[in-house]
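Numbering (the working numbering), first residue to last: 700 to 868. For every residue, glycine included, the Cβ atom is placed at its ideal position computed from N, Cα and C. Working notes for the structure below.
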Amino acid sequence: LLYGKNMTGTTSKRKLRIENKKKKMAALLDIAKLNEYDRAQRNKHAVKVDEDIAVKPETEPSPKRLKTGNDTEENGKDQPPLIGERGPSGKPKIHGEELAELKKMLRERTKKIRSLPQFRLRELGENASLTIDLNDRIPMFLSDIQHLLMYSQIGVHSPYSPARWCALE
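The following block contains the structure:
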């Protein structure tokens, strides 16, 4: 051996690197196949839901009446809404103390939700669990854990989402 090279001209470190790349690519390919399978399952489910929705209107008539221009005249509701009480979207306007109180309640509510996160594994995460047999287990990458940590700290502003294998709410 001259300078760490064998007869073929490649070093053992280089062979290890190539083998590691092959393993990573195989794992990435497995994950891509699983993602495609999940998408197909989701699409099948969405099609079934769409078919169910399409069938319902034919079997049952809608209990709601369609609004016509004459309805407001008949009910005597042709008065314009008061601008001081309602905004342009029809929602009531809140000023001063009420607004501050609502903002405070909203802050408390979001703090409470953030302090008690709900974590659950999706099907892909379950398949990567240590309870699964080693031969059947699908590997997770360290980047998956990093994305989860980033998402847990930053929230929806995180550049990556762990939604592929878990749900953190």
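In terms of residue numbering, what span does the alpha helix (DSSP H) encompassing residue i cover?
| i | result |
| --- | --- |
| A799 | G795 to S814 |
| L829 | No alpha helix (DSSP H) holds L829; DSSP gives it neither H nor E. |
| M887 | The question about residue 887 has no answer here: the residues shown for the chain are numbered 700 through 868. |
With a threshold of 16 other CB atoms inside 10 Å of the CB of residue i, please say whether the residue is buried or exposed.
| i | result |
| --- | --- |
| P861 | buried |
| M839 | buried |
| Y850 | buried |
| H794 | exposed |
| D832 | exposed |
| I812 | exposed |
| D729 | exposed |
| T771 | Residue confidence is low: T771 scores 47 on pLDDT, short of 50, so the model does not pin down where it sits. Its coordinate-derived value is still stated next. It is exposed - the Cβ of T771 has fewer than 16 other Cβ atoms within 10 Å. |
| P787 | exposed |
Since residue i contacts residue j with CB under 8 Å, what's their CB separation in whole angstroms?
| i | j | result |
| --- | --- | --- |
| L798 | W864 | Wrong, their Cβ atoms sit about 41 Å apart, outside the cutoff. |
| R821 | A827 | R821 to A827, Cβ: 10 Å. No contact. |
| P816 | L867 | 6 Å |
Name the DSSP bridge partner or partners of residue i?
| i | result |
| --- | --- |
| F818 | L867 |
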